[in-house]
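The next block holds one structure in the form of C-alpha cells; read it before the comments.
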Amino acid sequence: MNAAFRSIFIMFCLLQAAHGQSAEPAPSIRLRAEVQVSSRGIFLSDIVENPGELASIRIADAPVFGRSTMLLRAQVAEMVHQQLPEVAVTNWAGAARTRISRKTQMLDESMLKELLGSTLQRDVVRDRGELELRLMRPWAAISIPDEALSVRVLDLPNAGVTPNFILRFEIQAGAQSVGIWQVPLQARIIHEIWVARSSLARGQILQSSDWLAEKRDILILRDAVGAIHMNDDSCELTENIPAGSPLLSRSIKPRTIVRRGKMIEALLQDGKLVISVKAEALEDGAVGQTIRVRNMASRREFRGKV
Numbered sequence: 501m502n503a504a505f506r507s508i509f510i511m512f513c514l515l516q517a518a519h520g521q522s523a524e525p526a527p528s529i530r531l532r533a534e535v536q537v538s539s540r541g542i543f544l545s546d547i548v549e550n551p552g553e554l555a556s557i558r559i560a561d562a563p564v565f566g567r568s569t570m571l572l573r574a575q576v577a578e579m580v581h582q583q584l585p586e587v588a589v590t591n592w593a594g595a596a597r598t599r600i601s602r603k604t605q606m607l608d609e610s611m612l613k614e615l616l617g618s619t620l621q622r623d624v625v626r627d628r629g630e631l632e633l634r635l636m637r638p639w640a641a642i643s644i645p646d647e648a649l650s651v652r653v654l655d656l657p658n659a660g661v662t663p664n665f666i667l668r669f670e671i672q673a674g675a676q677s678v679g680i681w682q683v684p685l686q687a688r689i690i691h692e693i694w695v696a697r698s699s700l701a702r703g704q705i706l707q708s709s710d711w712l713a714e715k716r717d718i719l720i721l722r723d724a725v726g727a728i729h730m731n732d733d734s735c736e737l738t739e740n741i742p743a744g745s746p747l748l749s750r751s752i753k754p755r756t757i758v759r760r761g762k763m764i765e766a767l768l769q770d771g772k773l774v775i776s777v778k779a780e781a782l783e784d785g786a787v788g789q790t791i792r793v794r795n796m797a798s799r800r801e802f803r804g805k806v
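In the working numbering, the protein residues as written are 501 to 806.
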C-alpha cells in the first residue's frame with residue numbers, strides 16, 4: 501500500500517468513526533401494557549407505541565372474543581425476527597408483557613332493533629312497505645365484538661312478519677357467531693292505501709277523486725288496496741264506505757253494465773251470419789263475464805258474454 505492510498509484509507513476510517521460517534525441512537529420500541537385488537541389479528545402497530553416501518557407486521561392471531569392472551573417482550577421480539585430475520589431490533593422498551601383482548605361494543609336495544617329491522621325489511625318485507633319494530637320485553641345491553649354485524653334469521657312464523665310474533669335469530673361478527681337469541685316483537689308495515697274522502701254508497705263507480713292516499717299499517721289491514729293508479733270507470737263498490745275508512749279489495753268488483761231483469765240486445769253469430777234478438781238478463785254482468793239470458797220470443801235460456 502503506497503503512502504497516498506494509506507493516507508486516504510486512514511482519513512476514511514476517521515470519518516467513519518466520527519460519524520458513528522455523532523449518530524443519535526435509534527429510538528426504542530415501547531410495548532403497551534394492555535391493548536384491544538380486531539379479528540384481523542395482532543399487528544405490531546397494535547401493541548407498540550412507535551413501530552415505524554414495522555407497523556404492518558402481523559405477529560399472531562387475535563384471541564377468541566371474551567378471552568385474552570399475554571405476550572412477553574421476548575416473544576414479540578422473536579415473532580418480529582421470524583418474519584424479518586434481516587432486521588435486528590434490540591432496542592425494546594415499555595411494558596415487560598402485553599395483555600391482548602378483542603375490541604368490544606355494547607349492543608343496546610336501539611342497535612338490536614336496527615339490525616333486526618334492516619334484515620327483515622331486506623329478506624321478508626321487501627317492497628311491501630316500511631317496517632317498524634318494537635321489542636315487547638326490555639333488552640339488556642351486552643358486550644359484543646366491535647366489528648361489522650349481521651343477523652341470520654333462524655325461526656320465523658309461517659305467516660312471516662305479523663303484528664305480534666316471536667323471532668329466533670343469530671348475530672354474527674364477521675365469521676364468528678356472537679350468540680343466539682329469541683325475542684317477542686310487535687311490528688307494523690307502513691304503506692300508502694286509499695281512504696275515502698267522504699261517505700260512499702254501494703254501487704258507486706270507483707273514482708280517484710273520492711279517495712285520498714294515506715299511510716296506514718297494512719298488517720292490520722291486509723285486504724287494503726294500495727295507493728296505485730285507479731281506473732275510474734272499470735270498478736264499483738260492493739258496500740257502503742264511511743268517510744275515513746280504507747278501501748278493501750273485497751269492497752270492489754268489476755263495474756256491472758248489465759243488470760238482472762233488464763232488456764238487452766243479444767247477437768247470435770255463426771260464421772258470417774249474425775242474428776239480433778231481444779233478451780232478458782237473468783244475472784248481473786260486468787264486461788267480459790258470461791251470464792244467463794232468456795230469448796223473449798222463444799222463452800229459451802242460453803248463456804252470453806257481456
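Ideal placement from N, C-alpha and C gives every residue a C-beta, glycine not left out. Predicted model, so just to flag it, every value in this text is computed and none were measured.
query = Excluding the five sequence neighbours on either side, which residues of its own chain have a C-beta within less than 8 Å of the C-beta of Ala648, listed in chain order?
reply = Cβ neighbours of Ala648 beyond the five flanking positions: Ala673, Gly674.
The beta strand (DSSP E) enclosing Ile693, as first and last residue numbers = Judged by DSSP secondary structure, Ile693 falls within the beta strand (DSSP E) whose first and last residues are 676-696.
Whole runs of the beta strand (DSSP E) within the segment 617-666, excluding any shorter than 3 residues = Those beta strand (DSSP E) runs which fall completely within the segment 617-666 and span 3+ residues are 630-635, 642-645, 649-655.
Close Cβ partners of Lys715 (< 6 Å) along its chain, the five nearest in sequence each way excluded = Contacts found: Ile690, Glu692.
message = Please report the straight-line C-alpha distance between Glu780 and Ser798, rounded to a whole angstrom.
response = Cα-Cα distance, rounded: 12 Å.
ask   = Count the other CB atoms within 10 Å of the CB of Gln621; is the residue buried (16 or more) or exposed (fewer)?
value = Gln621 counts as buried, since no fewer than 16 other beta carbons sit within 10 angstroms of its beta carbon.
Close-in-space but distant-in-sequence residues of the same chain around Leu685 (CB under 8 Å, 5 per side omitted) = Beyond the five residues adjoining it in sequence on each side, Leu685 comes within less than 8 Å, by CB distance, of Leu616, Leu633, Arg634, Leu635, Met636, Asn664, Phe665, Ile666, Leu667 in the same chain, given in chain order.
query = Measuring CB to CB, does Arg803 end up less than 9 Å from Ile791?
reply = Result yes, Cβ atoms of Arg803 and Ile791 sit closer than 9 Å.
inquiry  = Suppose you measure from the CA of Ala713 to the CA of Val725; what does that come to, to the nearest Å?
reply    = Each residue's alpha carbon lies about 10 Å from the other.
inquiry  = Can you give me the C-alpha to C-alpha distance between Val564 and Leu719, rounded to a whole angstrom?
reply    = Their Cα atoms are separated by approximately 42 Å.
ask   = The alpha helix (DSSP H) spanning Leu544 covers which residue range?
value = Leu544 -> alpha helix (DSSP H) spans 544-547.
query = How far does the beta strand (DSSP E) with Ala593 in it reach, from first residue to last?
reply = 592-594 is the extent of the beta strand (DSSP E) around Ala593.
query = Do you know how far the Cα of Ser610 is from the Cα of Val808?
reply = Only positions 501 to 806 of the chain appear in the structure, and residue 808 is not among them; the question remains open.
query = Buried or exposed: which applies to Leu706, given that a residue is buried once 16 or more other Cβ atoms fall within 10 Å of its Cβ?
reply = Leu706 is buried by the Cβ-count criterion.
query = Which stretch, first to last residue, makes up the beta strand (DSSP E) that contains Glu736?
reply = Per DSSP, Glu736 belongs to the beta strand (DSSP E) from 735-737.
inquiry  = So the candidates are Ile529, Leu748, Gln575; which of them puts its Cα closest to the Cα of Asn740?
reply    = Looking at the Cα atoms, Leu748 is the closest of the given residues.
inquiry  = Just to check my reading of the structure: Ile557 and Val589 have Cβ atoms closer than 8 Å, yes? What is that Cβ distance to the nearest angstrom?
reply    = The Cβ separation is near 10 Å, so there is no contact.
query = DSSP on Val580, reduced to helix/strand/coil?
reply = In the structure shown, Val580 sits in a helix (DSSP, three-state: H, G or I).
message = Relative to the C-alpha of Ile542, which candidate in Ser708, Glu553, Met570 has its C-alpha closest?
response = Nearest in C-alpha terms to Ile542, of all of Ser708, Glu553, Met570, is Met570.
task = Could you tell me if Arg626 is buried or exposed, where buried requires 16 or more neighbouring beta carbons within 10 angstroms of its beta carbon?
result = Exposed, because fewer than 16 other Cβ atoms sit within 10 Å of the Cβ of Arg626.
key: Closest by C-alpha distance to Leu599, when choosing among Asn795, Leu531, Cys735   = First, the amino acid is wrong: residue 599 is Arg here, not Leu. Measuring from the Cα of Arg599, the nearest candidate turns out to be Leu531.
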